[in-house]
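Read top to bottom, the protein sequences are chains A and B. Residue 326 in this note's numbering sits at position 337 of the first sequence, and the numbers go up by one each step. Residue 78 in this note's numbering sits at position 89 of the second sequence, and the numbers go up by one each step. Heads up, the beta-carbon is just placed ideally off N, CA and C, and yes, glycines get one too. Contents: one structure, followed by commentary.
There are 2 protein chains.
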Amino acid sequence: MTPAIDVEKLIRAMSEQARTAYRLLADASPEQKNAALLESAREMRAHSERIIAANDADMLAAENAGLANALLDRLKLKQVSVEAMANTLEEIASFPDPVGKTLAEWERPNGLRIERVSVPLGVIGIIYESRPNVTADAGGLCLKSGNAVILRGGSDSLNSSKAIVECLRKGLQFAGLPGDAIQLVQTPDRQAVGEMLTMTGIIDVIIPRGGKSLTERILKESRVPTIQHLDGNCHTYIHQSADARMAKEITLNAKMRRTGICGATESLLVDSDAADKLLPEIIESLIAAGCEIRGDETVCKFDSRVTSASEEDWATEYLDATLSIKTVKDVSEAVAHINRYGSHHTDAIIAEDAAAAKLFLDGVDSAIVLHNASTQFADGGEFGMGGEIGISTGRLHARGPVGIEQLTTYKYAVRGSGQTRLPADGS
Amino acid sequence: MTPAIDVEKLIRAMSEQARTAYRLLADASPEQKNAALLESAREMRAHSERIIAANDADMLAAENAGLANALLDRLKLKQVSVEAMANTLEEIASFPDPVGKTLAEWERPNGLRIERVSVPLGVIGIIYESRPNVTADAGGLCLKSGNAVILRGGSDSLNSSKAIVECLRKGLQFAGLPGDAIQLVQTPDRQAVGEMLTMTGIIDVIIPRGGKSLTERILKESRVPTIQHLDGNCHTYIHQSADARMAKEITLNAKMRRTGICGATESLLVDSDAADKLLPEIIESLIAAGCEIRGDETVCKFDSRVTSASEEDWATEYLDATLSIKTVKDVSEAVAHINRYGSHHTDAIIAEDAAAAKLFLDGVDSAIVLHNASTQFADGGEFGMGGEIGISTGRLHARGPVGIEQLTTYKYAVRGSGQTRLPADGS
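Take a look at the structure:
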């Protein structure tokens, strides 16, 4: 029997190593960080067999444990997946450096020059589930933004993640940077997560990335500040001025392109005055594509295959081929419904009327609001921000896609020539 | 006997009223918000006797309860204090509106136009101690930035705060805005604070403003995200290249101008090579000004009145006329000492050598780093940001002074012409 490891001690030691590494990484030049990223990509390609063999071991264990097919799918790495991870690291290397940028600068009447300059967040803890490619993405994004990171992936992907982290650490060392800037928690003990959440002052930020129950537990328990990614109960609203063809195409795409992502539309709102004209064809095409529809009384009348929606449906993120549909009087009712039942993630209006679009974009209190486009564009890559760690549904620090810019904070550098503060001047 | 009030129910009702008010306030024009601020200032001046009478009642109760003189000082409102509060509201009205600003804008290859636009944070809970002017400042800053606020001041100042909030609510109503955008918790029951900390999804942000024990309790217990203001263990570091006169003047100001504010210097670091030349005169002038000095072995040798500093002194925020002094080898040792013992608030270097200053400004991991200026400039007003709610020592969202700009977040408005997302394009 192996002796029980002291998880608290392990996580504290890792956190302190990360803190030391962060101070070194914060001084690294953009060239050094990019060299580390490019070497990590090269390592991955050179050792893709090793990564895939590690993944095979994870897959075998997961199959023996009877993991569901959807989870096995997410866990599986193929040659092309390794290539994709390496490409992502190279893409991250190509971004402008997010650290050391002058965000604002001004001079005071007393001659003090004040500069707000971007700096890394510090030490980031990322807690995620079984997708091993998150290991590479998150490691690369943190490295680029000058943050040290402690990765805690799902135990199902432990071997895969180990092999990936090894490549990232070799990249760091190649560039003269501390390998401990990217560490992986290697114990499957669930206590490790709890310990990470108590490391205030050593870990600066916790980012949960995964299902709602994981995220909710972390938000509830964490003593370290978090960047939240909760659910995406996204809406598409069809205004009476909408172009009929555009409304149908966007609705189909927003719901059915991928049903399991957080930007998928879960609820469709339609102006009552336009329902007769637009809804029958939209319902037909959705059902033809394999979507189950739950509607309010009016919607049920259009098609016998539509079942009756309950109050609960309006608040539900299905993450599946199911859509709730509700008719509304006008844009104000649509906005009120979304602000009440939505999750402040992503919501869209389809309208030709510019005034209605403005009311919607201003009034809906969500991280992302769209006019005449699919909610499935809620994605850091689609926004041109490169990779993302997730989509923040919180209001502090970052809202929407969390890319390298959102993984930084700022400090004020104030330059004077001997200024002292007057005795009576304020507090 | 009055029946016990249900504090949980009270705070929930107030929070929901604030949420409703916030949605209306978020739609208010800059002109409306400014009209509310100006009318509030007018109300305060017109009813200054009422405010002062309310404050007299608070003062009498506080004196009878045997409150310390320092606390009585903070509680006391004079005619000139009411005038100062009114002036602050007028100054806040004169600032550019922080909401609805385009922070960034770009177009994607598929024609989607992406705009990042500033919006209010939402509903803010501010928990503070007995200074009644915080009621006016915080109310005004939140109003300007479009946030609804629930104020929970010290029970000692309840009557004063009530009278002040009445003026603010009259200002809101005058401008056609909901009075409930500014609410005061009127029960002295301490449970009220605990209830505020659990209102996730209704209160968006909690800002504690007060002593370390209050703040630490809130950071520990809050389920609502917080903007932290912890201690200010600030340093001034005198590099060997420093101008002797500037070093003396800045040190005296940084320590002694006001010893009780968070930007006061608590620890002085001096290059060993310059200690002989600079320290005796600085120590002399500090002691002459009434400062107690605790020094390391080298420093003790310069003056018999210097007592020996312990390890604990390096980590202590005295908030008093006490200073610890340590000699260091060079700028690297100074930076390492500050990053280890400091509180990431505000730290300054006095140096003529530009390279040393750069090493310090880059290396010290604090919200504010200064070159050749007093740490007492750590203040939103001195930064030209107008009033401030506090100085954030956290890393997420806001660092340094928290003014109206830091009381906003952003959303993405994405404008398309029918774009749908390609099936195979990423996740």
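Give the list of continuous alpha helix (DSSP H) stretches no shorter than 4 residues that lie fully inside the segment 194 to 245 of chain B. Runs found: 201 to 210, 233 to 245.
According to DSSP, which residues form a beta bridge with B/THR398? Translated into positions along the second sequence, residue 398 of chain B becomes position 409. DSSP lists B/VAL108 as the beta-bridge partner residues of B/THR398.
For the putative contact between B/THR187 and B/ARG212, defined by C-beta atoms under 8 Å, what is the C-beta separation to the nearest angstrom? Along the second sequence, read from residue 1 onward, the residue named residue 187 of chain B stands at position 198. Along the second sequence, read from residue 1 onward, the residue named residue 212 of chain B stands at position 223. Contact between B/THR187 and B/ARG212 is confirmed by a C-beta separation of about 5 Å, below the 8 Å threshold.
Buried/exposed call for B/MET(-10), threshold 16 Cβ in 10 Å: Taking the first residue of the second sequence as position 1, residue -10 of chain B is located at position 1. Residue confidence for B/MET(-10) is low, a pLDDT of 49 falling below 50, so the modelled location carries little weight; the figure read from the coordinates is stated next. B/MET(-10) is exposed by the Cβ-count criterion.
Would you kindly check if the distance between the Cβ of B/ALA253 and the Cβ of B/LEU166 is under 8 Å? Translated into positions along the second sequence, residue 166 of chain B becomes position 177. Translated into positions along the second sequence, residue 253 of chain B becomes position 264. No, the Cβ-Cβ distance between B/LEU166 and B/ALA253 is not below 8 Å.
Should B/GLU371 be flagged as near chain A, meaning a C-beta pair shorter than 8 Å? Here residue 371 of chain B refers to the residue found at position 382 of the second sequence. Interface criterion met: the Cβ of B/GLU371 is under 8 Å from a Cβ in chain A.
Segments assigned beta strand (DSSP E), at least 3 residues, entirely inside the segment 6 to 79 of chain A: Fully enclosed beta strand (DSSP E) runs of 3 or longer: not present.
So if DSSP puts B/PRO177 in a beta bridge, which residue, or which two residues, is it bridged to? Your numbering for residue 177 of chain B matches position 188 in the second sequence. Beta-bridge pairing by DSSP links B/PRO177 to no other residue.
Give me the subset of the segment 250 to 272 of chain B whose CB atoms are less than 9 Å from a CB atom of chain A, sorted by chain position. Listed by position along the chain: ILE250, GLY252.
Looking at the C-beta of B/VAL358, does it have a partner C-beta in chain A at a distance below 8 Å? Taking the first residue of the second sequence as position 1, residue 358 of chain B is located at position 369. Interface residue (Cβ-Cβ distance to chain A less than 8 Å): B/VAL358 is classified as such.
Contacts that A/GLY383 makes with chain B (C-beta to C-beta distance below 7 Å): As a working note, residue 383 of chain A is residue 394 in the first sequence. Neighbours of A/GLY383 on chain B, chain order: PRO214.
Straight-line gap, A/GLY55 to A/GLY200 (C-alpha atoms, nearest Å): Along the first sequence, read from residue 1 onward, the residue named residue 55 of chain A stands at position 66. Along the first sequence, read from residue 1 onward, the residue named residue 200 of chain A stands at position 211. Their Cα atoms are separated by approximately 20 Å.
Assuming A/TYR11 contacts A/PRO109 (C-beta within less than 8 Å), just tell me the rounded distance between them. In the first sequence, the residue the question calls residue 11 of chain A occupies position 22. In the first sequence, the residue the question calls residue 109 of chain A occupies position 120. In this structure, A/TYR11 and A/PRO109 form a Cβ contact; the two beta carbons are roughly 7 Å apart against a cut-off of 8 Å.
Would you list the residues sitting across from B/GLY379 in a DSSP beta bridge? As a first step, residue 379 of chain B is located in the second sequence; it is residue number 390 there, counting from the start. Bridge partners of B/GLY379: B/VAL391.
Going by DSSP, what residues sit across from A/VAL288 in a beta bridge? Stepping through the first sequence from its first residue, residue 288 of chain A is reached at position 299. DSSP lists no beta-bridge partner residue for A/VAL288.
Smallest Cα separation from B/LEU505: which of B/THR124, B/ILE272, B/VAL106? Residue 505 of chain B is absent from the structure shown; chain B starts at -10 and stops at 416.
Assess contact between the segment 223 to 240 of chain A and the segment 359 to 368 of chain A, defined as three or more Cβ pairs (one per stretch) separated by less than 8 Å. Is contact present? Taking 8 Å as the limit for Cβ pairs, the verdict is that the segment 359 to 368 of chain A does touch the segment 223 to 240 of chain A.
Roughly how many angstroms separate the alpha carbons of B/ALA50 and B/GLU286, rounded to a whole number? Reading the second sequence from its first residue, position 61 is the one you call residue 50 of chain B. Reading the second sequence from its first residue, position 297 is the one you call residue 286 of chain B. Spanning the two alpha carbons is a distance of roughly 49 Å.
So, is the C-beta of B/HIS386 closer than 8 Å to a C-beta in chain A? Within the second sequence, numbered from 1, the residue matching residue 386 of chain B stands at position 397. Closer than 8 Å: yes.
Between which two residues does the beta strand (DSSP E) containing B/ILE361 stretch? As a first step, residue 361 of chain B is located in the second sequence; it is residue number 372 there, counting from the start. A small correction: the amino acid at residue 361 of chain B is Asn; Ile does not occupy that position in the sequence shown. From DSSP, the beta strand (DSSP E) with B/ASN361 extends over 357 to 362.
For B/THR382 and B/ALA356, I'd like the C-alpha separation in whole angstroms. Position 393 of the second sequence holds residue 382 of chain B. Position 367 of the second sequence holds residue 356 of chain B. B/THR382 and B/ALA356 have their alpha carbons spaced roughly 7 Å apart.
Are B/ASP47 and B/THR77 closer than 8 Å when you measure CB to CB? As a working note, residue 47 of chain B is residue 58 in the second sequence. As a working note, residue 77 of chain B is residue 88 in the second sequence. Between B/ASP47 and B/THR77, the C-beta gap is not smaller than 8 Å, which leaves the two residues out of contact.
Please list the segments of the beta strand (DSSP E) lying wholly inside the segment 107 to 148 of chain A, counting only runs of 3 or more residues, in order along the chain. Under the rule that a run must span 3 or more residues, the beta strand (DSSP E) segments found entirely inside the segment 107 to 148 of chain A read 112 to 117, 137 to 141.
Output, in chain order, the set of chain A residues within a Cβ distance shorter than 8 Å of B/GLU238. If you number the second sequence from 1, residue 238 of chain B lands on position 249. Within chain A, the residues near B/GLU238 are GLY407, THR409.
Beta-carbon separation of B/LYS237 and B/GLU270 under 8 Å? Translated into the one-based positions of the second sequence, residue 237 of chain B becomes position 248. Translated into the one-based positions of the second sequence, residue 270 of chain B becomes position 281. A distance below 8 Å separates the beta carbons of B/LYS237 and B/GLU270.
Under 8 Å, Cβ to Cβ, is there at least one residue of chain A near B/LEU175? Here residue 175 of chain B is taken as the residue at index 186 of the second sequence, counted from 1. Per the sequence presented here, residue 175 of chain B reads as Gln, with Leu not at that position. So no, B/GLN175 is outside the interface.
Mind checking the segment 110 to 139 of chain B against chain A and listing, in chain order, the residues whose C-beta falls within less than 8 Å of any C-beta there? The segment 110 to 139 of chain B vs chain A, Cβ under 8 Å: LEU110, GLY111.
If you compare alpha carbons, which of B/ILE81, B/SER119, B/GLU306 is closest to B/CYS131? As a position in the second sequence, residue 131 of chain B is number 142, starting the count at 1. For B/CYS131, the nearest C-alpha among the options comes from B/ILE81.
By DSSP's criteria, A/VAL403 is part of a beta bridge. Which residues make up the other side? Residue numbering aside, residue 403 of chain A sits at position 414 when the first sequence is read from its first letter. Paired residues: A/ILE103, B/LEU359.
Kindly indicate which residue of A/GLY111, A/GLU20, A/ASN242, A/LEU173 has the alpha-carbon position closest to the one of A/ALA310. Numbered from its first residue, the first sequence carries residue 310 of chain A at position 321. Proximity to A/ALA310 across A/GLY111, A/GLU20, A/ASN242, A/LEU173 peaks at A/ASN242, based on C-alpha coordinates.
What are the start and end residues of the beta strand (DSSP E) that includes B/SER313? Here residue 313 of chain B is taken as the residue at index 324 of the second sequence, counted from 1. First-last of the beta strand (DSSP E) with B/SER313: 311 to 317.
Members of the segment 193 to 214 of chain B that neighbour chain A once the beta carbon cut-off is set at 9 Å: Per Cβ criterion, the list reads ASP193, VAL194, LEU208, LYS209, ARG212, PRO214.
Could you check the C-alpha separation between A/GLU281 and A/CYS251 for me, to the nearest Å? On the first sequence, residue 281 of chain A is found 292 positions in, with the first residue counted as 1. On the first sequence, residue 251 of chain A is found 262 positions in, with the first residue counted as 1. Spanning the alpha carbons of A/GLU281 and A/CYS251 requires a straight line of approximately 18 Å.
Can you check which of these residues, A/ASP319, A/ALA337, A/THR305, is closest to A/ALA264 by C-alpha distance? Counted from its first residue, the first sequence places residue 264 of chain A at position 275. Considering only alpha carbons, the answer is A/ASP319.
So who's on the other strand from B/ASP336, going by DSSP bridges? In the second sequence, residue 336 of chain B corresponds to position 347, counting from 1. In DSSP, B/ASP336 forms a bridge with B/HIS224, B/VAL358.
Beta-carbon neighbours of A/TYR401, restricted to chain B and to distances below 8 Å: As a first step, residue 401 of chain A must be located in the first sequence, where it is residue number 412. Here the neighbours are ALA356, ILE357, VAL358, PHE372, ARG388, GLY389.
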